[in-house]
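In the working numbering, the protein residues as written are 150 to 515.
Even glycine gets a Cβ: it sits at the ideal position worked out from N, Cα and C.
Accompanying notes for the structure given below.
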């Protein structure tokens, strides 16, 4: 199939992308003390030089004591931290690229570091890391308000630093997603409830605060998933109607683009249709959608962290779905992590030069 559809320009608000390919956010843990290094800046610059339309950074911590569970993941607050991010975005712009930071709070996800712990309590909706597994402290109303403000402050910092958009991480079982999930949100206040739209109020309030902070024209992306790292089989919305009830208030709050995460982008979201998560999200809401999940590779990314390699895979199914407008943009993760020239090789038809993904790519900023 023709790859031309992958290289159609995309315009929305201030985003003018030369193609439909986005670099997916991928945690790298190469920022000692939470400060992005020159190596980090050059890592992102190489992807911009490789013609990626928009780069979404690795997740970056907002200003809460335990927003991160890794001392080498970058923070998005503090004078030194923000100065480092200015260097990163300047390098990306110098290479002709566009960039958005992903703002992150991990919530009740324990650190894997042996000799380090976060400088404060783990935030969580109800003191649960998964259903019936106690971990973290239930957030008070003051904690909730402070966290909302932390996201808004970080988004404003991104705009002032010259970033082109901002993404909020609301997926994969982290804090915002813990509020969505009834398995981890047992609150009985305004941020809980038996229905998904009620549990989505925390995310909606964050979006509203971010929108107020950055203004009407600065693009806000929101990453969502059904699957959780705590349980791959979780499905927050069990029908298209439930999906609409979940997503519409988030869009109404100010989300411009929904980033719909799947482990495998080609898998259908609901019975009776081959539409994937992004496809259904586009059907029930009007804003642009990003699809993501094992694009360009044979194996899925969760297995990659266990050491599984992946071979280059055909893009025919992706192109077919993009050509029928099932979604608007495509986020690519491991293929770009392995090879900053992946998109150039795809454009030029150099399929024999496409590289397999090896776990060793996770251990270096290539």
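Between the stretch 276-293 and the stretch 233-252 there are fewer than three C-beta pairs closer than 8 Å, too few to call the two in contact. For residue 160, the enclosing beta strand (DSSP E) begins and ends at 159-161.
In this structure the stretch 227-237 lies against the stretch 179-189, because at least three pairs of beta carbons, one per stretch, are closer than 8 Å.
In the DSSP assignment, residue 316 is bridged to 251 and 370.
Runs of the alpha helix (DSSP H) lying entirely within the stretch 209-263, each at least 4 residues long, are 228-243 in chain order. It is roughly 11 Å from the alpha-carbon of residue 387 to the alpha-carbon of residue 393. In this structure, the CA atom of residue 341 is about 42 Å from the CA atom of residue 157.
Per DSSP, residue 404 lies in no beta strand (DSSP E) and is assigned neither H nor E.
Distances from the alpha-carbon of residue 153 to those of 505, 506, 492 and 508 put 492 closest. In the DSSP assignment, residue 356 falls within the unbroken alpha helix (DSSP H) covering 350-363. Under the three-state reduction of DSSP output, residue 290 falls in the helix class. For residue 480, the secondary structure class from DSSP, reduced to helix, strand or coil, is strand. Taking a cut-off of 8 Å for Cβ pairs, the stretch 340-358 and the stretch 286-305 touch, as three or more such pairs fall below it. A residue is called buried once 16 or more other Cβ atoms fall within 10 Å of its Cβ, and residue 265, having fewer, is exposed.
When the beta-carbon positions are compared, residue 249 and residue 205 come within less than 8 Å of each other. Note that the C-beta distance between residue 274 and residue 334 is below 8 Å. When beta bridges are read from the DSSP output, residue 459 appears opposite 506. Of all alpha-carbon atoms in 418, 380, 437 and 413, the one lying nearest the alpha-carbon of residue 407 is that of 437. Taking a C-beta distance under 8 Å as the contact criterion, residue 251 and residue 207 qualify as a contact pair. Residue 187 sits in a helix when the DSSP states are folded into three classes. Taking a 10 Å sphere around the C-beta of residue 460, we find fewer than 16 other C-beta atoms and assign the residue as exposed. The distance from the Cβ of residue 479 to that of residue 171 is about 7 Å, consistent with a contact at the 8 Å cut-off. In the DSSP assignment, residue 279 falls within the unbroken beta strand (DSSP E) covering 277-279. Residue burial is scored here from C-beta neighbours: residue 427 has at least 16 other C-beta atoms within 10 angstroms and is therefore classed as buried. By alpha-carbon distance to residue 510, the top candidate from 413, 484 and 495 is 484. Annotation for residue 379: 279 and 322 place their beta carbon closer than 6 Å to its own, counting only its chain and skipping 5 residues before and after.
A distance of 8 Å or more separates the beta carbons of residue 271 and residue 262. Contact between residue 495 and residue 464 is confirmed by a C-beta separation of about 7 Å, below the 8 Å threshold.
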